[in-house]
Amino acid sequence: MTEARPEEPFEFVWSVEYLGPEYLLSVTWRDGRTEEVDLAPLVFRYKILRPLRDLERFRQVAVDEYGNGLVWGDGPDLEVSPEQLRELIESQKGPRLRTSFFRRWMATRHLKQDDVAGLLNVSKRTVAGYATGSAAIDTPTSLAVGLIVGYAKAVTGPEVLTARVREIERYIAA
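Mapping the sequence shown onto my numbering, position 43 (from 1) lands on 43, and the numbers just tick up by one.
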């Protein structure tokens, strides 16, 4: 017999701020917590959100009048629920490169998907997922990119690991 777990309370969004580059937002929940979320995986996965690929339109993000998610304009189609936000935030926890930095690394180094697939020992399809945001770039891949570009240091703990990934992002952006 399994014990019923209490349901998580429904979360309400208090505010949202566009951080950039590309699809990075800062979401503040009604209880005061603030978290960053990269919406690229949703924007590139769902056809209904395709209009948000236009960054000018994406930057017009707002909170629904009742805090029931994020909206873009008055249309009911362009919205992201708190549940979708929570799921995406949880999937992005831990140190990892953001989609925009991965794409910039490929562009500045003039790398093709085949090149990156060989370097990371993954399929070309996986690299395409990393580049579009439809696949999360995990911690080992993030660190591998750092090693490939010649920028890696010893890691002594989880907080240092997150800091190292952010340093790698800054190095790639330079």
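The C-beta atom is built at its ideal place from N, Cα and C for all residues, glycine as well.
These numbers were taken from a predicted model, which means no experiment stands behind them.
When the Cα of residue i is compared with those of the options, which residue comes out closest?
i: GLU22; options: ASP138, VAL43, THR108 and GLY75; result: VAL43
i: LEU52; options: LEU78, VAL27 and LEU85; result: LEU78
i: ARG109; options: SER26, PHE58 and VAL145; result: VAL145
i: GLU35; options: GLN92, SER123, ALA128 and ALA163; result: GLN92
i: TYR66; options: TYR130, LEU55, ASP54 and SER81; result: SER81
i: THR139; options: ALA163, VAL116 and SER123; result: ALA163
i: LEU88; options: GLY32, ALA135 and TYR18; result: ALA135
i: ARG33; options: ARG45, GLU11 and ALA131; result: GLU11
i: LEU55; options: LEU111, SER100, ALA107 and GLU167; result: SER100
Mind checking whether residue i and residue j have CB atoms under 8 Å apart?
i: GLU169; j: ARG103; result: no
i: GLY133; j: ALA40; result: yes
i: LEU25; j: VAL37; result: yes
i: ARG96; j: ILE137; result: yes
i: VAL122; j: SER142; result: no
Can you look up residue i in the DSSP assignment and give me helix, strand or coil?
i: ALA117; result: helix
i: SER81; result: coil
i: ALA107; result: helix
i: GLU17; result: strand
i: VAL181; result: Lying before the first or after the last residue shown, residue 181 is absent from the chain, which here runs from 1 to 174.
i: ALA40; result: helix
i: VAL63; result: strand
Can you name, in chain order, every residue of its own chain whose Cβ lies under 8 Å from the Cβ of residue i, other than the five neighbours on each side?
i: ALA62; result: VAL16, LEU70, VAL71 and TRP72
i: GLN60; result: TRP72 and GLY73
i: VAL13; result: VAL27, THR28, TRP29, ARG30, VAL63, ASP64, GLY67, ASN68, GLY69, LEU70, PRO82 and LEU85
i: LEU19; result: LEU25, SER26 and GLU36
i: THR2; result: Residue confidence for THR2 is low, a pLDDT of 49 falling below 50, so the modelled location carries little weight; the figure read from the coordinates is stated next. Nothing meets the Cβ criterion.
In chain order, what residues of the same chain have a beta carbon less than 6 Å from the beta carbon of residue i, not counting five sequence neighbours either side?
i: VAL180; result: For residue 180 there is no data in the structure shown, the boundaries of the chain being 1 and 174.
i: LYS47; result: none
What does a CB cutoff of less than 7 Å around residue i pick up in its chain, not counting 5 residues either side in sequence?
i: LEU119; result: ILE148
i: LYS124; result: GLN113, ASP114 and ALA117
i: ARG57; result: PRO51 and TRP72
i: ARG45; result: SER134
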